[in-house]
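J.: Take a look at this one; I'll ask things after.
There are 2 protein chains.
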Amino acid sequence: MRALAVEDDPRIAADVAAALAGAGFTTQTCGDGEEAWFLGDTEDFDLIVLDLGLPGMDGLSVLKRWRAGGCETPVLVLTARGAWQERVEGIEAGADDYLPKPFRMEELVARARALVRRAAGRGGAVQEAGALSLDTNRMTASVRGVPVPLTALEYRLLAYLVLNRDRVIAPTELLEHLYGDDDAREANALEAVVARLRRKLGAGIIGTRRGFGYFIEEAGA
Amino acid sequence: MRALAVEDDPRIAADVAAALAGAGFTTQTCGDGEEAWFLGDTEDFDLIVLDLGLPGMDGLSVLKRWRAGGCETPVLVLTARGAWQERVEGIEAGADDYLPKPFRMEELVARARALVRRAAGRGGAVQEAGALSLDTNRMTASVRGVPVPLTALEYRLLAYLVLNRDRVIAPTELLEHLYGDDDAREANALEAVVARLRRKLGAGIIGTRRGFGYFIEEAGA
DNA sequence: CAGCCACTGTCAGCTTGCTGTCAGCCACGC
DNA sequence: GCGTGGCTGACAGCAAGCTGACAGTGGCTG
């Protein structure tokens, strides 16, 4: 597994490289936008971790050029704390996930793993998980063939759970994914969304592990 | 710590073995590709130092076969000076680090240590320890293949023991890990958690050394 | 611009089951 | 045999999570 870490702060770059190495990646670091573009375009990485604030060339531009050039490597974008707009722009430019700084290394590794796994196995637009199927193009869900209308927020939550269906997602991670950590919602907001989702989807789809978080139930259909 | 040095020049092989011995490794040497493949596949080393220029079977082929066979031992590749291509090929074949010849022995030892340290910390998603296996994604444990439901606290305790399976953990350290040292629980709280864990996991998983602390039993199943 | 409607955060009260405490027991080590 | 450190079963307190109601907000329509 080869990873590229694009990050201008050498200390953070080293930390990221070390963490990824621990997860089995051979990591190359790069602190300059132009060089990053070149590397991502010519070499074959399994994952790219991209900081948006860069000298040489802006991270967003680099990302857009990669995508324009047909590069499909999963990209995990690091955004500054509270830069909500950066996150949206990042997704629109083709990022696969984002992580607000500061972050814990375990978090980075977990997301990196998820991205690689996702890229490897399931490229398909429609994701199946037990009785649930999710059409990521139409942004719709259906249970046992019956379509279920979802709101934007509900869909984003469900999609995140499905894409990371092989692990338990902590409420904090979900909150951070749905809203920025800058924008502090009460934890209860999440519970409310989950409750509404459960009511729509029926039982046996979203499970809870007390003290850990939420997950998609696959086994007991 | 066991190391395997694959090197056809007997003088260099002896030097490498001596240097590694100084770093605490028990080193076995081997000058032939076929034999190296067999050894790496059947024995359990903590580190392999591999010279690419070999009689019998090419070093790269040996490495690829190891990786294809599921061997995850960290491999440090020795490449000829300036052979840039060899380095790339080596990494792609699954090498964890490379060292261009000629090198200073201190350099070799430093890299060897780093590799081993990295490998030790590398968290595959599932950790095995004797009859116990721990899925760090799903936050679940299973004993001899039978899944065991754990609460958050039980899981955290067990995970800490498994990650530090090579030593005995003092109760104070565990208390500090589970709760903050600011938050003072009675020592008995820990014993209660251990008791509950033992009941769920069965005997022979968590051991006690009176006066020292707890540890994961690996040998006696 | 006003009115409507769907969406979503907040709140209060409730349920559930985790977890610390306690008292008594066991067993190891001297 | 005795003392101490560790183990265990019972139990109550408490916090995590669930739910139904409600209100604020923003977008859409007439």
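Just so you know, the sequences run in chain order A and B. One rule links them: number in the working numbering = place in the first sequence (from 1) + 711. One rule links them: number in the working numbering = place in the second sequence (from 1) + 711. For every residue, glycine included, the Cβ atom is placed at its ideal position computed from N, Cα and C.
Using three-state DSSP, classify Asp726 of chain B as helix, strand or coil.
T.: Taking the first residue of the second sequence as position 1, residue 726 of chain B is located at position 15. In this structure, Asp726 of chain B counts as helix in the three-state DSSP scheme.
J.: Can you pull the DSSP bridge partners for Gly918 of chain B?
T.: Taking the first residue of the second sequence as position 1, residue 918 of chain B is located at position 207. Beta-bridge pairing links Gly918 of chain B to B:Phe926.
J.: Under a CB-based cut-off of 9 Å, is Thr753 of chain B close to chain A?
T.: Working through the second sequence from its first residue, we reach residue 753 of chain B at position 42. Output row for Thr753 of chain B: interface = no.
J.: Taking all protein chains shown into account, do 16 or more other C-beta atoms lie within 10 angstroms of the C-beta of Met850 of chain B, making it buried, or fewer, making it exposed?
T.: For the purposes of this step, residue 850 of chain B is taken as the residue at position 139 of the second sequence. Buried, by the Cβ-count rule.
J.: Under the rule that 16 or more other beta-carbon atoms within 10 Å means buried, what is Gly801 of chain A, buried or exposed?
T.: Here the question's residue 801 of chain A lines up with position 90 in the first sequence. By the 10 Å Cβ count, Gly801 of chain A comes out buried.
J.: Round the Cβ separation of Arg822 of chain B and Leu787 of chain B to the nearest angstrom and send it over; I've been treating them as touching at under 8 Å.
T.: Numbered from its first residue, the second sequence carries residue 822 of chain B at position 111. Numbered from its first residue, the second sequence carries residue 787 of chain B at position 76. 6 Å between Cβ atoms; contact.
J.: By DSSP's criteria, Asp846 of chain A is part of a beta bridge. Which residues make up the other side?
T.: Taking the first sequence and counting its residues from 1, the one referred to as residue 846 of chain A is at position 135. Asp846 of chain A is bridged to A:Val837 and A:Thr851.
J.: With a floor of 4 residues, list each alpha helix (DSSP H) that falls wholly inside the region 728–763 of chain B, ordered by position along the chain.
T.: Runs found: 744–753.
J.: In this structure, what does DSSP give as the bridge partners for Asp652 of chain B?
T.: Since the displayed chain B opens at 712 and closes at 932, residue 652 of chain B lies outside it and no answer follows.
J.: With Pro882 of chain B as the anchor, note down where its alpha helix (DSSP H) starts and where it stops.
T.: The residue you call residue 882 of chain B lines up with position 171 of the second sequence. Pro882 of chain B -> alpha helix (DSSP H) spans Pro882 to Leu889.
J.: From the DSSP output, in three-state form, read off Arg896 of chain A for me.
T.: Indexing the first sequence from 1 puts residue 896 of chain A at position 185. In the structure shown, Arg896 of chain A sits in coil (DSSP, three-state: anything other than H, G, I, E or B).
J.: Taking 9 Å as the threshold (C-beta atoms), are Phe923 of chain A and Val879 of chain A in contact?
T.: Numbered from 1 along the first sequence, position 168 holds the residue referred to as residue 879 of chain A. Numbered from 1 along the first sequence, position 212 holds the residue referred to as residue 923 of chain A. Yes. Within cutoff.
J.: Roughly how far, in whole angstroms, is the beta-carbon of Glu817 of chain A from the beta-carbon of Leu810 of chain A, given that I think they are within contact range, below 8 Å?
T.: Within the first sequence, numbered from 1, the residue matching residue 817 of chain A stands at position 106. Within the first sequence, numbered from 1, the residue matching residue 810 of chain A stands at position 99. Rounded, the Cβ-Cβ distance is 12 Å, inconsistent with contact.
J.: Against chain B, does Val760 of chain A count as a neighbour if the rule is that its beta carbon must be under 9 Å from one of theirs?
T.: In the first sequence, counting from the first residue as 1, residue 760 of chain A sits at position 49. Chain B, which has no Cβ nearer than 9 Å to the Cβ of Val760 of chain A, makes this no.
J.: Out of B:Gly780, B:Leu868 and B:Lys775, which has the shortest C-alpha to C-alpha gap to Arg675 of chain B?
T.: The structure shown does not extend to residue 675 of chain B, since chain B is modelled only from 712 through 932, so no value can be given for it.
J.: Which first and last residues belong to the beta strand (DSSP E) in which Arg815 of chain A is found?
T.: The residue given as residue 815 of chain A occupies position 104 in the first sequence. Segment: none, Arg815 of chain A is in no beta strand (DSSP E) and carries neither H nor E.
J.: Taking Cβ positions, are Ser806 of chain A and Leu761 of chain A nearer each other than 9 Å?
T.: Along the first sequence, one-based indexing puts residue 806 of chain A at 95. Along the first sequence, one-based indexing puts residue 761 of chain A at 50. The residue you asked about is not Ser; residue 806 of chain A is Ala in the sequence shown. Contact: yes.
J.: I'd like to know whether the C-beta atoms of Asp769 of chain B and Gly744 of chain B end up nearer to each other than 9 Å.
T.: By one-based count along the second sequence, residue 769 of chain B stands at place 58. By one-based count along the second sequence, residue 744 of chain B stands at place 33. Going by C-beta atoms, Asp769 of chain B is nearer than 9 Å to Gly744 of chain B.
J.: Residues of chain B with a CB under 8 Å from the CB of Arg921 of chain A: which are they?
T.: Counting from one through the first sequence, the residue named residue 921 of chain A turns up at place 210. The contacting residues are Thr862 and Ala863.
J.: Determine the DSSP secondary structure at Pro766 of chain B, reduced to helix, strand or coil.
T.: Locating residue 766 of chain B in the second sequence gives position 55, counting from the first residue. It is coil, neither helix nor strand.
J.: Excluding the five sequence neighbours on either side, which residues of its own chain have a C-beta within less than 8 Å of the C-beta of Leu864 of chain A, listed in chain order?
T.: For the purposes of this step, residue 864 of chain A is taken as residue 153 along the first sequence, with counting starting at 1. Excluding positions up to five away in sequence, the list reads Leu889 and Val904.
J.: Which residues in chain A sit within 7 Å of Asn848 of chain B, going by Cβ to Cβ distance?
T.: Position 137 of the second sequence, counting from 1, holds the residue named residue 848 of chain B. Result: Asp877 and Arg878.
J.: So, with DSSP's three-state summary, where would you put Leu861 of chain A?
T.: Here the question's residue 861 of chain A lines up with position 150 in the first sequence. Reduced to three states, the DSSP call for Leu861 of chain A is coil.
J.: Assuming the contact rule is C-beta atoms closer than 8 Å, Gly915 of chain A and Glu902 of chain A should be a hit. Round their C-beta distance to whole Å, please.
T.: Position 204 of the first sequence, counting from 1, holds the residue named residue 915 of chain A. Position 191 of the first sequence, counting from 1, holds the residue named residue 902 of chain A. With a Cβ gap of about 18 Å, Gly915 of chain A and Glu902 of chain A do not count as contacting.
J.: I need the straight-line Cα distance from Phe749 of chain A to Thr738 of chain B, nearest angstrom please.
T.: Start at 1 with the first residue of the first sequence, and residue 749 of chain A comes out as number 38. Start at 1 with the first residue of the second sequence, and residue 738 of chain B comes out as number 27. Near 42 Å, if we compare the C-alpha coordinates of Thr738 of chain B and Phe749 of chain A.
J.: In angstroms with no decimal places, state the Cα-to-Cα distance between Leu886 of chain A and Ile917 of chain A.
T.: Mapped onto the first sequence, residue 886 of chain A falls at position 175. Mapped onto the first sequence, residue 917 of chain A falls at position 206. Distance between the alpha carbons of Leu886 of chain A and Ile917 of chain A: 16 Å.
J.: So, under 8 Å CB-CB, Asp846 of chain A and Val854 of chain A are touching, yes? Tell me the CB distance rounded to an integer number of Å.
T.: In the first sequence, the residue the question calls residue 846 of chain A occupies position 135. In the first sequence, the residue the question calls residue 854 of chain A occupies position 143. Not a contact, Cβ separation roughly 13 Å.
J.: Name the DSSP beta bridge partners of Val717 of chain A, please?
T.: What you label residue 717 of chain A is simply residue 6 of the first sequence in a count that begins at 1. Answer by DSSP bridge pairing, in chain order: A:Cys741 and A:Leu761.
J.: Have a look at Val727 of chain A and Ala898 of chain B and give me their C-alpha separation to the nearest angstrom.
T.: The sequence position of residue 727 of chain A within the first sequence is 16, counting from 1. The sequence position of residue 898 of chain B within the second sequence is 187, counting from 1. Distance between the alpha carbons of Val727 of chain A and Ala898 of chain B: 37 Å.
J.: For Asp757 of chain B, which option in B:Ile723, B:Val717, B:Pro766 and B:Leu826 has the closest C-alpha, if you only look at C-alpha atoms?
T.: Locating residue 757 of chain B in the second sequence gives position 46, where the first residue counts as 1. That would be B:Leu826, whose Cα lies nearest to the Cα of Asp757 of chain B.
J.: Beta-carbon of Arg824 of chain A versus every beta-carbon of chain B: anything under 9 Å?
T.: Translated into positions along the first sequence, residue 824 of chain A becomes position 113. Taking Cβ atoms only, chain B reaches closer than 9 Å to Arg824 of chain A, which makes this a yes.
J.: I'd like the list of long-range same chain contacts for Leu843 of chain A, defined as Cβ closer than 6 Å, with 5 residues on each side in sequence excluded.
T.: Residue mapping note: residue 843 of chain A aligns to position 132 of the first sequence, counting from 1. These residues qualify, in order along the chain: Val854 and Ile916.
J.: For Arg896 of chain A and Ala881 of chain A, what's the separation of their Cα atoms in angstroms?
T.: Position 185 of the first sequence holds residue 896 of chain A. Position 170 of the first sequence holds residue 881 of chain A. One C-alpha to the other measures close to 15 Å.
J.: Return the CA-CA distance between Ile723 of chain B and Tyr925 of chain A, expressed in angstroms with no decimal places.
T.: Mapped onto the second sequence, residue 723 of chain B falls at position 12. Mapped onto the first sequence, residue 925 of chain A falls at position 214. Distance between the alpha carbons of Ile723 of chain B and Tyr925 of chain A: 55 Å.
J.: Classify Gly931 of chain B as buried or exposed, calling it buried when 16 or more other Cβ atoms lie within 10 Å of its own Cβ.
T.: Within the second sequence, the letter at position 220 stands for residue 931 of chain B. Residue confidence for Gly931 of chain B is low, a pLDDT of 49 falling below 50, so the modelled location carries little weight and cannot support an answer.
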